[in-house]
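If you're matching them up, the sequences are chains A and B in order. When the letters of the first sequence are read in order and numbered with this note's numbering, they come out as residues 1 to 216. When the letters of the second sequence are read in order and numbered with this note's numbering, they come out as residues 1 to 410. Where a beta carbon is used, it is the ideal one built from N, C-alpha and C, also for glycine. Computed from a prediction, not measured in an experiment: that's the story for all the values here. Below is one structure, written out as structure tokens, with a few remarks after it.
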Amino acid sequence: MKPAPLTPQEIVEHFRSTFGEGIEEAVIRERTEGVKKLPNYNIWITVRQDLLKPAIQTLIDISFPHLAVISGVDIAEQIELLYTFTIYFGVKHGEYTLTIKILVPKSDPRVPTISDLMPGAVFTEREKQEMLGIEVVGIPDPRRLFLPDDFPEGIYPWRKDEKGIPESMIKNLWEVKRPKDRPAPPLPEKPSTKECSMECADPLEPKTPAKEVKKE
Amino acid sequence: MSDTKKDSTYTVPIGPIHPALKEPVMFTFQINGEVVESVDFSPGQTHRGIEWMGMRRNPAQIVHLTDRICGICGVTHSICFARAVEQIMDIQVPERGDYIRTIVAELERIQSHLLWAGVAAHELGFDSLFHLAWRVREESMDVIELITGNRVNYGIVQVGGVRRDIVEEQFPRIQQCLTYYRDLADKLLHLFLHDRTIMMRCRDTGVLSYEDALHLCVVGPTARASGVRKDVRVDYPYCAYGDLSIDPVLPDQLLDEIRGDVYDRIVVRVLEVVQSVDIIQQCLDNMPPGEITWEQKIAKLLLAFKKAKGEAVGRHEAPRGEALHYVKMTGRESPYAWKVKASSYSNLISWPVMLKGEQIADIPIIVASIDPCLSCTDRVAIVRDGERSILSKEELHRLSVEKTRRLQHG
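So, in structure tokens, the structure goes:
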């Protein structure tokens, strides 16, 4: 066991002194909840893309972290990958979340696997491959995770560009009618009077009472 | 598969669909005789695209969508999501709101662990215990219904707080529920932990070592049963948990050593029921007065969502372990990105390690031991020498019960 745990500031300092210019941004967010208002800390560190593995190794050297999940966001020309760890669990009120963020260009969407450092990462790396079209170089198990085998190649559900889910794949529940090739229902169907109102109600455009708000 | 000896390994696929699972799983077992040689599985057989739906809705709508991510942890995902959005908007939940969230979350843990305990007993063929566990579970369901109005899909959490207060008249009923479980605790501990059959079937079955638990990043009771001191409620002060006196439950609280087997997972869960009762008691005793939500008017909330910019992670210790939501908002009403990490997402990866070297009859209890909602062994197809036969879940269950009987009489 290591001596005293580092404070969030010390962790950020440690990263800055190790990687210097490689740390593009580092933020510590403090939040308090409950009556006693004990603070909890979330650390966000953006590192240069090639420093991902050294950064995680540095974190492991501080204290073996828990990898919660890798999140990914499509931001126009780049894909943001967020490796969310928690560190110092087991210390009462001493745990921080630490998110290491890298930006991956869509023109070359490749990242190294971190499963050699954190064996539990394979799962979430597989998900990033299928959902964002990222290639995880060296992943021990490159198969799909959540998407079915018959899901078309080259479509990545989390993408917001032309590789995302096309309009033709979206099935809106309110448009689905009773199948034609089934036996007649036990009770005759009423002519649907609701049809119009159902079509008018677009769940994507919630009717915000804008006027009421503007009075504020 | 190579064409080696006839009696060598054969493949047993199990799954993929069981309606009781939130994540149906397709298992492929490599079996040699009765022994599991290796396991592979592919989850996501009914990926519903909830995140995709969420990105087309506003956070006030999403909290009700998150209620429906899981049928058992109805409040877990709502707390995670609401906490993430609250951090982005930089708003404070009123103290009373934090306490109500905590009380509902702990009642949920009681009902979830008792549900699991019943399932575990059923998998072992101990059906009288299964009925007992599910009967006593009703008490917590009744109180959840009293507080939220619903048995499942509580709809209690809103961004900025909760939607219903716990009023003075409800306190005696909640207190009665706590007394009920306190009186029951010894009986439950005795029935689950000192039973010869459970001991025989679960001791040293499905072992997950401390190192594996740490490196595979498992969470919740699965991690704690292997000795990893990881409990978001204790480690990371959020909601009312920072105010309370709690410690993570590890099996060595009751036993001499930690073995990381199925039995240890039962120990942790049963003790956590007792712990949850204590947490609710602490919350009731110290409940602060005041508002329950940051803003009651939905219109004002929606306006605030439109101004929200930034990203955050919201975490909560679900009955099965840490759940985490990542949310990014960019000044539109709906989130730009949303990632849900449920606790089973982290725990499933431990199955291959636990199952390796175990017997077919032990598959149901080991699969159930991480609490993936229910055993997903709906249909089993055995491929032996190119021939295919179908085993039902009942058949697997029968094998498990038979093993119990053999051990009892042998």
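> Below 7 angstroms between beta carbons: does that hold for I87 (chain A) and L103 (chain A)?
Replying inline: No, Cβ-Cβ distance for I87 (chain A) and L103 (chain A) is not below 7 angstroms.
> How is I420 (chain B) classed by DSSP in three states: helix, strand or coil?
Replying inline: Residue 420 (chain B) lies beyond the residue range present for chain B, which begins at 1 and ends at 410; the question has no answer from this structure.
> chain B partners of V73 (chain A), CB-CB under 9 angstroms?
Replying inline: Near V73 (chain A) (Cβ distances below 9 angstroms), the residues of chain B are E311, Y326, K328, Y336, A337 and K339.
> For the beta strand (DSSP E) that Y154 (chain B) lies in, which residues bound it at each end?
Replying inline: Boundaries cannot be given for Y154 (chain B), as no beta strand (DSSP E) includes it and DSSP labels it neither H nor E.
>> At the 7 angstroms Cβ level, is T18 (chain A) part of the contact set with chain B, yes or no?
In response: For T18 (chain A), the answer is no, since every Cβ of chain B falls outside 7 angstroms of its Cβ.
>> Considering just the uninterrupted stretch of the beta strand (DSSP E) at K78 (chain A), what are its terminal residues?
In response: At residue 78 (chain A) the sequence reads Gln, which differs from the Lys that was named. Per DSSP, Q78 (chain A) belongs to the beta strand (DSSP E) from Q78 to I87.
> L191 (chain B) lies in the alpha helix (DSSP H); which residues open and close that run?
Replying inline: Looking at the DSSP string, the run of the alpha helix (DSSP H) that includes L191 (chain B) is F171 to L193.
>> Can you pull the chain B neighbours of K36 (chain A), defined as C-beta to C-beta under 7 angstroms?
In response: Simply G242 and D243.
> Can you name the residues of chain B whose CB is closer than 8 angstroms to the CB of K92 (chain A)?
Replying inline: Correct list: V234, D235 and D247.
>> Can you check which of these residues, B:Y210, B:L193 and B:V25, is closest to R203 (chain B) by C-alpha distance?
In response: If we check each option's Cα against that of R203 (chain B), B:L193 comes out closest.
>> Just to check my reading of the structure: E153 (chain A) and R144 (chain A) have Cβ atoms closer than 8 angstroms, yes? What is that Cβ distance to the nearest angstrom?
In response: The pair is not a contact, with the Cβ atoms about 10 angstroms apart (cut-off 8 angstroms).
>> Counting only C-beta atoms, is H215 (chain B) closer than 7 angstroms to chain A at any point?
In response: Interface criterion met: the Cβ of H215 (chain B) is under 7 angstroms from a Cβ in chain A.
> Do the CB positions of G331 (chain B) and R83 (chain B) come within less than 7 angstroms of each other?
Replying inline: Here G331 (chain B) is not near R83 (chain B), since their CB atoms are 7 angstroms or more apart.
> Quick one: does C239 (chain B) have its CB under 7 angstroms from some CB of chain A?
Replying inline: Cβ-Cβ to chain A under 7 angstroms: yes for C239 (chain B).
> Between the region 55–79 of chain A and chain B, which residues of the former have a C-beta closer than 7 angstroms to a C-beta of the latter?
Replying inline: Within the region 55–79 of chain A, those residues whose Cβ lies closer than 7 angstroms to any Cβ of chain B are, in chain order, F64, H66, L67, A68, V69, S71 and V73.
> Using the rule of at least 16 other Cβ atoms within 10 Å of the residue's Cβ for burial, across every protein chain shown, is S128 (chain B) buried or exposed?
Replying inline: S128 (chain B) should be labelled exposed.
> Within the chosen definition, does the region 311–325 of chain B reach the region 221–237 of chain B through at least 3 CB pairs nearer than 8 angstroms?
Replying inline: The way I'd put it, the region 311–325 of chain B does touch the region 221–237 of chain B; three or more beta-carbon pairs between them come closer than 8 angstroms.
> Exposed or buried, what is Q9 (chain A) when buried is set at 16 or more other beta-carbons lying within 10 Å of its beta-carbon?
Replying inline: Looking at its Cβ environment, which holds fewer than 16 other Cβ atoms inside 10 Å, Q9 (chain A) is exposed.
> For A68 (chain A), which three-state DSSP category applies?
Replying inline: Strand, per DSSP.
> Do we get a CB-CB distance below 7 angstroms when we pair M198 (chain A) with the residues of chain B?
Replying inline: Low confidence applies here, because M198 (chain A) scores a pLDDT of 41, under 50, leaving its location unreliable and the question unanswered by this model.
>> Just to make sure I have the definition right: I need the residues of chain A whose C-beta is within less than 9 angstroms of the C-beta of I280 (chain B). Which are they?
In response: The premise fails here: I280 (chain B) is roughly 15 angstroms from chain A at the closest Cβ pair, so nothing lies under 9 angstroms.
>> Within 7 angstroms of any Cβ in chain B, is that where the Cβ of P119 (chain A) sits?
In response: Cβ-Cβ to chain B under 7 angstroms: yes for P119 (chain A).
>> With H, G and I counted as helix, E and B as strand and the rest as coil, what does DSSP make of M26 (chain B)?
In response: In the three-state reduction of the DSSP assignment, M26 (chain B) falls in the strand class.
> Does DSSP put T404 (chain B) in a helix, in a strand, or in coil?
Replying inline: Three-state DSSP puts T404 (chain B) in a helix.
>> Please identify the residue among B:Y241, B:L407, B:E123 and B:V207 whose C-alpha is closest to the C-alpha of L355 (chain B).
In response: Comparing Cα-Cα distances from L355 (chain B) to each of B:Y241, B:L407, B:E123 and B:V207, the minimum goes to B:V207.
> If you draw a straight line from the C-alpha of L173 (chain A) to the C-alpha of R57 (chain B), how long is it?
Replying inline: Cα to Cα, the separation comes out at about 15 angstroms.
> Can you find a C-beta in chain A that's less than 7 angstroms from the C-beta of I349 (chain B)?
Replying inline: At a cut-off of 7 angstroms between C-beta atoms, I349 (chain B) counts as an interface residue with respect to chain A.
> Is H439 (chain B) helix, strand or coil when you go by DSSP?
Replying inline: Not covered by the structure: residue 439 (chain B). The range shown for chain B is 1 to 410.
>> Between which two residues does the beta strand (DSSP E) holding G314 (chain B) run?
In response: Where G314 (chain B) is concerned, the enclosing beta strand (DSSP E) stretches over K309 to A318.
>> Excluding the 5 residues flanking V75 (chain B) on each side, which residues of the same chain have their C-beta closer than 7 angstroms to its C-beta?
In response: So the qualifying residues of the chain are V104, A105, E108, Y154, I156 and V157.
>> DSSP has K328 (chain B) in a bridge; who is on the other side?
In response: In the DSSP output, where bridge partners are listed per residue, K328 (chain B) has B:E311 and B:A337.
> Does the separation of the CB atoms of E80 (chain A) and V69 (chain A) fall below 7 angstroms?
Replying inline: With contacts defined as CB atoms closer than 7 angstroms, E80 (chain A) and V69 (chain A) fail to qualify as a contacting pair.
> Quick one: any contact between the region 205–223 of chain B and the region 342–361 of chain B, if contact means 3 or more CB pairs under 8 angstroms?
Replying inline: The region 205–223 of chain B, when compared against the region 342–361 of chain B, does touch it at the 8 angstroms Cβ threshold.
>> Using only CA atoms, which one of B:E123, B:D231, B:A308 and B:H190 lies nearest to I360 (chain B)?
In response: For the options B:E123, B:D231, B:A308 and B:H190, the alpha carbon positioned closest to that of I360 (chain B) is the one of B:E123.
> Does the region 36–53 of chain B come within contact of the region 247–257 of chain B, defined as at least 3 CB pairs closer than 8 angstroms?
Replying inline: The region 36–53 of chain B vs the region 247–257 of chain B: no contact.
>> Report the CB separation of I280 (chain B) from L178 (chain B) in whole angstroms; it is logged as a contact under 8 angstroms.
In response: I280 (chain B) to L178 (chain B), Cβ: 6 angstroms. Contact.
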